[in-house]
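Under UniProt numbering, the residue at position 47 of the sequence shown is numbered 47, and the numbers go up by one with no gaps.
Beta carbons: idealized from backbone N, C-alpha and C, even for Gly.
Predicted model only: the values in this text are computed from it and were never measured.
Take a look at the structure below.
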Amino acid sequence: MVVTHMATTTSTGQSLTLRRVDSVAPDATVRHIDQFDERTLEQFYAALEGGRQLSATGTDLDPGTVVVATSYYRVEAA
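Here it is, written out as structure tokens:
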């Protein structure tokens with residue numbers, strides 16, 4: 001059995017947070033982790049591992065986007 005994880009993003013100003021989610025809305029924008037450039041990947045993983053916010057500036061992340069990695073994470077406003 002393969003376990004897929006998702007996250008979602010939101011932002012307040014220029015800061016983003018990641019929140020693990022178990023489901024995805026039918027109208028959500030879904031991006032796979034391998035679609036991001038190196039800088040976005042570095043910031044994504046640093047925020048994920050450190051449980052901290054990340055900057056929207058210089059990343060390829062938009063609030064509400066669902067990122068498929070080993071979990072689903074939604075990018076949210078901080």
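When 34, 49, 71 are compared against residue 23, the one with the closest alpha-carbon: Per the Cα distances, 71.
Residue 18 burial status per 10 Å Cβ neighbour count (16 or more: buried): In this structure residue 18 is buried. Its beta-carbon is surrounded by 16 or more other beta-carbon atoms within 10 angstroms.
Continuous beta strand (DSSP E) assignments of at least 3 residues falling wholly in the UniProt domain "DUF7979" (15-76): As far as the UniProt domain "DUF7979" (15-76) is concerned, its whole beta strand (DSSP E) runs of at least 3 residues are 15-20, 30-32.
Top-ranked residue by Cα proximity to residue 57, from 77, 48, 34, 20: For residue 57, the closest alpha carbon among the candidates 77, 48, 34, 20 is that of 77.
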